[in-house]
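Visitor: Okay, here's the structure, questions in a sec.
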Amino acid sequence: MTLEYQIDGPENDGLTKPSPGGPLGADMERRDGRDKVTGAARYAAEHVPAGLLHGVLKGAPGLGAVRLSNAEEVGAIPGVRLVLQDERMIRNAAQGTAGEAPVQGVSKAEYVGQPVVLVVAESFETAWHAANRLQISCEGASLPVLPEKGEVDDDMQEEAITGEPGTAFSDAEVLVDETYTTPALTSAPMEPHAAVAEWHGDRLTLHGSLQMLRYNRAELADSLGIEPEKVRLRAPFVGGGFGSKLGISADCVAAALAARELGQPVRVVQHRRQVFEINTRRSETRQRIRLAAGHDGRLTGLGHESRVSNLPGEEFSEPVLQGSYFAYAAPNRLLRNDLVRLNRPAAGSVRAPGEAVGVTVFEVAMDELAGKCGIDPVELRLRNLPETEPDSDRPFSSHRLADCLTKGRDSFGWDDRPAEPRQRREGEWWIGTGMAAAVRVNMVMPAEARVRLTPDGRAVVETDMTDIGTGTYSILGQIAAEGLGLAVDDVDVCLGDTDLPAGSGSGGSFGAASTGTAVWLACEEIRREIAGRMGCDAQELTLSDRHAACGNDRRSLPEVLAGEPLSGRGKLEPGEALEKVRQATWGAVFSEVAVNDVTGEVRVRRLQGTFAVGRVLNQRTARSQAQGGMTWGLGLALTEGMVHDRRDGHIVNRDLAEYHVPVNADVPHLDVHLLEDLDPWAGPLAAKGIGELGICGSGSAILNAIHHACGVRIRDLPATPDRILSGLT
13 MTLEYQIDGP
23 ENDGLTKPSP
33 GGPLGADMER
43 RDGRDKVTGA
53 ARYAAEHVPA
63 GLLHGVLKGA
73 PGLGAVRLSN
83 AEEVGAIPGV
93 RLVLQDERMI
103 RNAAQGTAGE
113 APVQGVSKAE
123 YVGQPVVLVV
133 AESFETAWHA
143 ANRLQISCEG
153 ASLPVLPEKG
163 EVDDDMQEEA
173 ITGEPGTAFS
183 DAEVLVDETY
193 TTPALTSAPM
203 EPHAAVAEWH
213 GDRLTLHGSL
223 QMLRYNRAEL
233 ADSLGIEPEK
243 VRLRAPFVGG
253 GFGSKLGISA
263 DCVAAALAAR
273 ELGQPVRVVQ
283 HRRQVFEINT
293 RRSETRQRIR
303 LAAGHDGRLT
313 GLGHESRVSN
323 LPGEEFSEPV
333 LQGSYFAYAA
343 PNRLLRNDLV
353 RLNRPAAGSV
363 RAPGEAVGVT
373 VFEVAMDELA
383 GKCGIDPVEL
393 RLRNLPETEP
403 DSDRPFSSHR
413 LADCLTKGRD
423 SFGWDDRPAE
433 PRQRREGEWW
443 IGTGMAAAVR
453 VNMVMPAEAR
463 VRLTPDGRAV
473 VETDMTDIGT
483 GTYSILGQIA
493 AEGLGLAVDD
503 VDVCLGDTDL
513 PAGSGSGGSF
523 GAASTGTAVW
533 LACEEIRREI
543 AGRMGCDAQE
553 LTLSDRHAAC
563 GNDRRSLPEV
573 LAGEPLSGRG
583 KLEPGEALEK
593 VRQATWGAVF
603 SEVAVNDVTG
613 EVRVRRLQGT
623 FAVGRVLNQR
633 TARSQAQGGM
643 TWGLGLALTE
653 GMVHDRRDGH
663 IVNRDLAEYH
673 VPVNADVPHL
683 DVHLLEDLDP
693 WAGPLAAKGI
703 GELGICGSGS
713 AILNAIHHAC
723 GVRIRDLPAT
733 PDRILSGLT
């Protein structure tokens, strides 16, 4: 039996709700942590079947028609088994939740580095050598590679106008009208994208580094021209994804094609530089923010216009405006996003797509407005919080931004700061503080899970949901333990295999809440069966310490099961809740920085985040996710940015030596406060997403602190020393 559930509203749905003090919400260590630090956890590339061959992808050196002149010569190198050019190979990774083949073909290069050939050999060294011997040329390209030369795709324009924003801007008592830019960004996961493909007759098993197996299976099958039922994907451990592994990548299709042709398993692992090139990046943005207000700081007009890019043929457009639709109230509003077609590597979802850059820029503009109005930045935000979603008038399912702002302000010691910039100095260092609100949409995705209760009273959770380093193994185990009255150690969790029920996958901060709810439903199905055996209603049943109790009747689970296992299956559908209400997560980030007056160096001294994210399923993993998001925000503000060559669009800094992600020395102690927020619209667990929220305010809190410290306003990110020095006087 399957218990199906749709989240349609906050009404009493008859489901059991978690009780305080149980395994759910406890501060527990990651159950997969020991395996990972000892090397027992096996990642995609570490699967080594007998007869394994090694494949190396080779990318196009330019744009246009691809010509390979010495394939036969390279194919004759001893140990080389195959030089593969197949039009079924994919141009770039699939977009998240695509569920179908991405753009295919190797005869034309749409961007520099696009994979166009695979060399397979008996050793990796031979394959690498042979790939480097290939002579590839590209001809006949005259394609736009610069944002200012690309054409706007009118079919992809997003626009929403309320009231008369033009009048509001022209008549404003106080007006902020500034343009901000953010560079292209990459996910840069520690584990490179990798695939090991092996065929058993007409059935493919692929070990891959993938985030969303329910969609990846369909994408790979469509690319190969076979039925999804003939594809089995396995990804029990994924070493980070951050959006770049939402869809299948070039290694998956190439490995599968080569393995079928050669009749042996083939492994393809992307080189670190290929990880930067052939997987989706975050688009660069150019954003104009206009804020019209009275002298009291109350917004009368709000404008957010952005321009982003993507390859021809790609339907993804960085949703820069996502947070601006509901973060602040203003009667006159103009929101517009344009997409320019460029021949740079494909743009797609990178952690917190849209809000990461949109909210960051908007919160800098809000700080500028606070300065012009002479109002404290926290107070300015409090004065402009909406009662309902401004454009649609939908109610909020919960709204905790005011609480985050005030509680964060009080615990940070915000009121002690001087109001004006450049007021505190320690030797060569200017010291300042800044803050920003953080908002992020909350999503729910379809998910299924199965829970089996064994005759001895242990439970097994089964779903193809992935753990990309976020703690899924721990959280799903805690949910099942809570639902069945077991200790967490009495629950085994099996993940990352498409032979199991299809979970939501990991992405969009929806994984834990969506697949976790499916696990809860599966446990509810088991509870109902146990209650039936004991002659009572499921709401009257108590499960604890491997015992079931109903009234005065108390029995051990093995006694109730009588030697037979029980199985429950849960299926979650999003339902109508997301249409009826605006669901979001909320936060406020406060920062203290030091800016060197001589070198322009920025050191973040303190970073504090206060977040409301629904029910916290595991205190430790939730804090870790918040800290990870805050670190991403620090990188966005200070260090990260992809550099594209202006001649052909290729990525100049395509490795971790030149693309500067924050390291330990860059990151201070990160102070995280999680507020209780049991959103009644979020299903029986009342859980929401957390992983991406911290990104959405941390960068702007740091940028605003830089201005408060030294008076330099950075509008072109990141705030590197050269940009700060040019503004210091």
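If you read the sequence shown in my numbering, its first letter stands for residue 13, the second for the next number, and so on.
Using N, Cα and C, we set each Cβ at its ideal position, and we do this for glycine too.
(1) If you measure between the beta carbons of residue 235 and residue 100, is that distance less than 8 Å?
(2) Taking residue 246 and residue 509 to be in contact with their CB atoms under 8 Å, please state how far apart those CB atoms are, rounded to whole angstroms.
(3) Measure from the alpha carbon of residue 593 to the alpha carbon of each residue in 450, 375, 409, then state which is nearest.
(4) Between 69, 598, 179, which has its C-alpha nearest residue 449's C-alpha?
(5) List the whole-angstrom C-beta distance separating residue 724 from residue 714, where the pair is believed to meet the contact cut-off of C-beta under 8 Å.
(6) Roughly how far, in whole angstroms, is the beta-carbon of residue 473 from the beta-carbon of residue 495, given that I think they are within contact range, below 8 Å?
(7) What is the residue span of the alpha helix (DSSP H) that residue 422 lies within?
(8) Less than 7 Å between the CB of residue 171 and some heavy atom of the ligand NAP, yes or no?
(9) One question on the structure: do residue 528 and residue 480 come within less than 8 Å of each other, judged by their Cβ atoms?
(10) Residue 349 bridges to which residues according to DSSP?
(11) Within the continuous beta strand (DSSP E) that includes residue 442, where are the two ends?
(12) Taking the continuous alpha helix (DSSP H) assigned at residue 592, which residues delimit it?
(13) With contact counted as at least three CB pairs below 8 Å, one residue from each stretch, are the stretch 692-709 and the stretch 637-646 in contact?
(14) Thinking C-beta only, is residue 262 closer than 8 Å to residue 102?
(15) Based on Cα-Cα distance, which residue from 90, 94, 733 lies nearest to residue 68?
(16) Using DSSP's beta-bridge definition, name the partner residues of residue 227.
(17) Could you spell out where the alpha helix (DSSP H) holding residue 376 opens and where it closes?
(18) Does the structure place the stretch 114-129 close enough to the stretch 142-158 that three or more beta carbon pairs sit under 8 Å?
(19) I'd like the ranges of any beta strand (DSSP E) spanning at least 3 consecutive residues and lying wholly in the stretch 624-707.
(20) Apart from the five residues just before and just after residue 64, which ones in its own chain have a Cβ nearer than 7 Å to its Cβ?
(21) Are there 16 or more other CB atoms within 10 angstroms of the CB of residue 286, so buried, or fewer, so exposed?
(22) State the CB to CB distance for the pair residue 392 and residue 168, rounded to an integer number of angstroms; the pair is presumed to be in contact (CB under 8 Å).
(23) Does the Cβ-Cβ distance between residue 695 and residue 601 come in under 8 Å?
(24) Can you say whether residue 716 is buried or exposed, counting buried as having 16 or more other CB atoms within 10 angstroms of its CB?
(25) Three-state secondary structure (DSSP) at residue 567?
(26) So who's on the other strand from residue 608, going by DSSP bridges?
(27) Based on Cα-Cα distance, which residue from 348, 590, 296 lies nearest to residue 323?
(28) Going by DSSP, which residues form a beta bridge with residue 475?
(29) Quick one: residues in its chain with C-beta nearer than 6 Å to the C-beta of residue 567, no 5 flanking neighbours on either side, listed in chain order?
(30) Please identify the residue among 135, 56, 62 whose C-alpha is closest to the C-alpha of residue 218.
(31) Whose C-beta lies closer than 6 Å to the C-beta of residue 398 among residues of the same chain, with five residues either side of it excluded?
(32) Any contact of the stretch 310-323 with the stretch 134-149, i.e. 3+ C-beta pairs under 8 Å?
(33) Apply the 10 Å Cβ neighbour rule to residue 282 and answer buried if 16 or more other Cβ atoms are within range, or exposed otherwise.
(34) Tell me whether residue 379 is buried or exposed, calling it buried when 16 or more other Cβ atoms sit within 10 Å of its Cβ.
(35) Please check the pair residue 59 and residue 208, which I expect to be a contact at CB under 8 Å, by giving their CB distance rounded to whole angstroms.
(36) Judging by CA-CA distance, which residue of 641, 113, 693 is the nearest neighbour of residue 596?
Guide: The answer reads as follows:
(1) As a first step, residue 235 must be located in the sequence shown, where it is residue number 223. As a first step, residue 100 must be located in the sequence shown, where it is residue number 88. Taking 8 Å as the Cβ cut-off, residue 235 and residue 100 qualify as a contacting pair.
(2) On the sequence shown, position 234 is the one that residue 246 refers to. On the sequence shown, position 497 is the one that residue 509 refers to. Right, the Cβ-Cβ distance comes to about 5 Å (below 8 Å), so this counts as a contact.
(3) Looking up residue 593 in the sequence shown gives position 581. Comparing Cα-Cα distances from residue 593 to each of 450, 375, 409, the minimum goes to 409.
(4) Here residue 449 corresponds to residue number 437 of the sequence shown, with the count starting at 1. Checking every option, the nearest Cα to that of residue 449 belongs to 598.
(5) Here residue 724 refers to the residue found at position 712 when the sequence shown is read from its first residue. Here residue 714 refers to the residue found at position 702 when the sequence shown is read from its first residue. In this structure residue 724 does not touch residue 714 by the C-beta definition: roughly 13 Å separates them, more than the 8 Å allowed.
(6) Translated into positions along the sequence shown, residue 473 becomes position 461. Translated into positions along the sequence shown, residue 495 becomes position 483. Actually they are not in contact, since the Cβ atoms of residue 473 and residue 495 sit about 10 Å apart, beyond 8 Å.
(7) Along the sequence shown, read from residue 1 onward, the residue named residue 422 stands at position 410. Run containing residue 422: 413-424, per the alpha helix (DSSP H) assignment.
(8) The ligand NAP is absent from the structure shown, which contains no ligands of any kind.
(9) Numbered from 1 along the sequence shown, position 516 holds the residue referred to as residue 528. Numbered from 1 along the sequence shown, position 468 holds the residue referred to as residue 480. In this structure, residue 480 does not lie closer than 8 Å to residue 528 by Cβ.
(10) The count along the sequence shown starts at 1 and reaches residue 349 at position 337. Residue 349 pairs with 170, 318.
(11) Within the sequence shown, numbered from 1, the residue matching residue 442 stands at position 430. That run of the beta strand (DSSP E) goes 441-453.
(12) For the purposes of this step, residue 592 is taken as the residue at position 580 of the sequence shown. Its alpha helix (DSSP H) spans residues 589-592.
(13) Segments in contact, yes.
(14) As a working mapping, residue 102 is identified with position 90 in the sequence shown. As a working mapping, residue 262 is identified with position 250 in the sequence shown. In this structure, residue 262 lies closer than 8 Å to residue 102 by Cβ.
(15) Within the sequence shown, the letter at position 56 stands for residue 68. Ranking 90, 94, 733 by Cα distance to residue 68 puts 94 first.
(16) Position 215 of the sequence shown holds residue 227. For residue 227, DSSP records no beta bridge to any residue.
(17) Locating residue 376 in the sequence shown gives position 364, counting from the first residue. First-last of the alpha helix (DSSP H) with residue 376: 367-385.
(18) The stretch 142-158, when compared against the stretch 114-129, does touch it at the 8 Å Cβ threshold.
(19) Along the stretch 624-707, the beta strand (DSSP E) occurs as fully enclosed runs of 3 or more residues at 682-687, listed in sequence order.
(20) Here residue 64 corresponds to residue number 52 of the sequence shown, with the count starting at 1. Cβ within range, chain order: 277, 279.
(21) Numbered from its first residue, the sequence shown carries residue 286 at position 274. With 16 or more Cβ atoms within 10 Å of its Cβ, residue 286 is classed as buried.
(22) Here residue 392 corresponds to residue number 380 of the sequence shown, with the count starting at 1. Here residue 168 corresponds to residue number 156 of the sequence shown, with the count starting at 1. Contact check for residue 392 and residue 168: beta-carbon distance about 33 Å, past the 8 Å limit, so the pair fails to qualify.
(23) Counting from 1 along the sequence shown, the entry for residue 695 is found at position 683. Counting from 1 along the sequence shown, the entry for residue 601 is found at position 589. Against a cut-off of 8 Å, the Cβ pair of residue 601 and residue 695 comes out as no contact.
(24) Stepping through the sequence shown from its first residue, residue 716 is reached at position 704. Result: buried.
(25) Here residue 567 corresponds to residue number 555 of the sequence shown, with the count starting at 1. Of the three classes helix, strand and coil, the one that applies to residue 567 here is strand, per DSSP.
(26) Against the sequence shown, residue 608 aligns to sequence position 596. According to DSSP, which records beta bridges pairwise, residue 608 is partnered with 441.
(27) Here the question's residue 323 lines up with position 311 in the sequence shown. Nearest of 348, 590, 296 to residue 323, Cα basis: 296.
(28) Counting from one through the sequence shown, the residue named residue 475 turns up at place 463. Paired residue(s): none; residue 475 is not in a bridge.
(29) The residue given as residue 567 occupies position 555 in the sequence shown. Taking C-beta separations shorter than 6 Å and ignoring five residues to either side along the sequence, the partners of residue 567 in its chain run 560, following chain order.
(30) Here residue 218 is taken as the residue at index 206 of the sequence shown, counted from 1. Considering only alpha carbons, the answer is 56.
(31) Sequence index remark: in the sequence shown, residue 398 carries index 386 (1-based). Close CB contacts of residue 398 within its chain, under the 6 Å cut and outside five residues either way in sequence, are with 341 (chain order).
(32) Judged by Cβ distances under 8 Å, the stretch 310-323 makes no contact with the stretch 134-149, as fewer than three pairs qualify.
(33) Taking the sequence shown and counting its residues from 1, the one referred to as residue 282 is at position 270. So residue 282 counts as buried.
(34) As a position in the sequence shown, residue 379 is number 367, starting the count at 1. Counting Cβ neighbours within 10 Å, residue 379 comes out buried, since at least 16 surround it.
(35) Position 47 of the sequence shown, counted from the first residue, corresponds to residue 59. Position 196 of the sequence shown, counted from the first residue, corresponds to residue 208. Under the criterion of beta carbons closer than 8 Å, residue 59 and residue 208 qualify as touching, at roughly 5 Å.
(36) As a working note, residue 596 is residue 584 in the sequence shown. Cα-wise, what sits closest to residue 596 is 693.
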